[in-house]
Amino acid sequence: MMKPCQICFSFAQQFDACYCTFMKSLPAMLQQVLLCAGLCSVLASANAQQFSGQFTSLLSQEVLIQHASGQQHADAAHLSVTMPASLQQSAEAHWPPSLMKQVVRWQKAPFGRHASIVTGWYANGQKALTVTMRQQHLHGNWQSWYSNGQHRDSGRLEHNQPDGMWKLWHANGQLRSVRIYNANKHDMIQLALRQQNPKLTFQPLAVQSLKHPEQLHRHTRANAVLPAMAGEETAPDLPFSAGLPHGVVEDYFANGQPVIVGQYNTGLKEGPWQYYAANGQLSASGYYWQGHRHGAWKVYTENGKLKLLQEYVHGRLVHSKQYHR
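Anchor point for the sequence shown: position 5 equals 5 in full-length UniProt numbering, and the numbering is continuous, going up by one each time.
This is the structure in structure tokens:
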């Protein structure tokens, strides 16, 4: 009885003989074509294996930079930061400056085939941020923390644009803001403004931007959608410079009292909005239509009594009555 290795050798000899007989029966020109095709296939396979090896080697590398003076300073705000070169090349990505100058250690690790997870730490060892990057873009989940460990902000980015729900917190752990963004609608409006006949668009923000080009920037820039509130020196420092708001709006003071409750529709304020004072009393309320005040607007005193009644029509004030208490 033949052993397995003998059987394989016998089969290989028979296959080789059949292959040689087949090749001899073909015209000389066809033989050369088949041989060239086989050689190209072998070379392509070898190149693919080599490229795969280089790619795997590239993904297996982790970039880890520790600032030399990171342990010598108690105040992390004064630390200078050297970001990994691959992150510095992502010119379109918006890294929050106030957060970046506090990060003293970076790590970039592979995440899938074309993505990576970037993580940063404060000098005290607390994690500062974690974000997914794809081809030099902020693309995926973003989450950051204060140096005391409390959440700072979280959300999702699509090629450097916010998409979906974004939440921000105060340093004491209290929820600060909730916004919903839509990256797809933002791209659609920009595309509508670039088309051959932009007047065919029916998006209110696009129509307004045709007459006044600055309107798109005004309604989508980050510090306009999320401005500073009472007690804050500056607007929140976010990982994006612009985004199209589309959905619920909620802002809260550090004590948990509401500041603003409303909603956006494709970048414009729409529907009822309420504004509150720090003591929880309603300070103003009214209705927006395509970004303009429309209908009755009421302004209240600190103790909740009606102080001013105004009537608007598509942003134009048509009537006003003041109450003396």
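Ideal Cβ positions, reconstructed from N, Cα and C, are used throughout, including at glycine.
C-beta atoms of residue i and residue j nearer than 8 Å
{"i": "E270", "j": "Y252", "result": "no"}
{"i": "I180", "j": "M165", "result": "yes"}
{"i": "M133", "j": "S147", "result": "no"}
{"i": "P239", "j": "W142", "result": "yes"}
{"i": "Q281", "j": "G304", "result": "yes"}
{"i": "V313", "j": "H294", "result": "yes"}
{"i": "S241", "j": "H94", "result": "yes"}
{"i": "H246", "j": "N160", "result": "no"}
{"i": "R156", "j": "W145", "result": "no"}
{"i": "L99", "j": "L138", "result": "no"}
{"i": "L308", "j": "A296", "result": "no"}
{"i": "V103", "j": "V178", "result": "no"}
{"i": "N279", "j": "E250", "result": "no"}
{"i": "K127", "j": "V118", "result": "no"}
{"i": "A254", "j": "N172", "result": "yes"}
{"i": "Y264", "j": "S283", "result": "no"}
{"i": "P204", "j": "Q290", "result": "yes"}
Limits of the unbroken alpha helix (DSSP H) element including residue i
{"i": "Q215", "result": "214 to 220"}
{"i": "S209", "result": "204 to 211"}
{"i": "L193", "result": "183 to 194"}
Exposed unless 16 or more other CB atoms sit within 10 angstroms - verdict on residue i
{"i": "L43", "result": "Here the model assigns L43 a pLDDT of 40, short of 50, so the residue's position is not dependable and the matter cannot be decided."}
{"i": "T234", "result": "exposed"}
{"i": "F202", "result": "exposed"}
{"i": "N197", "result": "exposed"}
{"i": "E158", "result": "buried"}
{"i": "Y323", "result": "exposed"}
{"i": "H212", "result": "exposed"}
{"i": "R113", "result": "exposed"}
{"i": "A192", "result": "buried"}
{"i": "G243", "result": "buried"}
{"i": "K321", "result": "exposed"}
{"i": "G267", "result": "buried"}
{"i": "M23", "result": "With a pLDDT of 48 at M23, under the threshold of 50, the modelled position of this residue cannot be trusted, and the question is left open."}
{"i": "D195", "result": "A small fix is needed here, since residue 195 is Gln in this sequence, not Asp. By the neighbour-count rule (16 or more Cβ atoms within 10 Å), Q195 is not buried but exposed."}
{"i": "V259", "result": "buried"}
{"i": "H217", "result": "exposed"}
{"i": "W97", "result": "In the sequence on display, residue 97 carries Pro and not Trp. Under this definition P97 is an exposed residue."}
{"i": "L226", "result": "buried"}
{"i": "R176", "result": "buried"}
{"i": "A206", "result": "buried"}
{"i": "Q215", "result": "buried"}
{"i": "G149", "result": "exposed"}
{"i": "A230", "result": "exposed"}
{"i": "Q208", "result": "buried"}
{"i": "G262", "result": "buried"}
{"i": "A224", "result": "exposed"}
{"i": "G315", "result": "exposed"}
{"i": "G125", "result": "exposed"}
{"i": "P272", "result": "exposed"}
{"i": "L58", "result": "The predicted position of L58 is uncertain, since its pLDDT is 34 and thus under 50; a value taken from the coordinates is nonetheless stated next. With fewer than 16 Cβ atoms within 10 Å of its Cβ, L58 is classed as exposed."}
Residue range of the unbroken beta strand (DSSP E) whose run includes residue i
{"i": "R152", "result": "151 to 158"}
{"i": "K305", "result": "From DSSP, K305 is part of no beta strand (DSSP E); its letter is neither H nor E."}
Residues that DSSP places opposite residue i in a beta bridge
{"i": "V313", "result": "R316"}
{"i": "Y300", "result": "L306"}
Whole alpha helix (DSSP H) elements within the region 96 to 180, 4-residue minimum | Inside the region 96 to 180, DSSP marks whole alpha helix (DSSP H) runs of 4 or more residues at positions 97 to 100, from first to last along the chain.
Continuous beta strand (DSSP E) assignments of at least 3 residues falling wholly in the region 210 to 298 | Note on the region 210 to 298: whole beta strand (DSSP E) runs with a minimum of 3 residues are 245 to 252, 258 to 265, 271 to 276, 282 to 289, in chain order.
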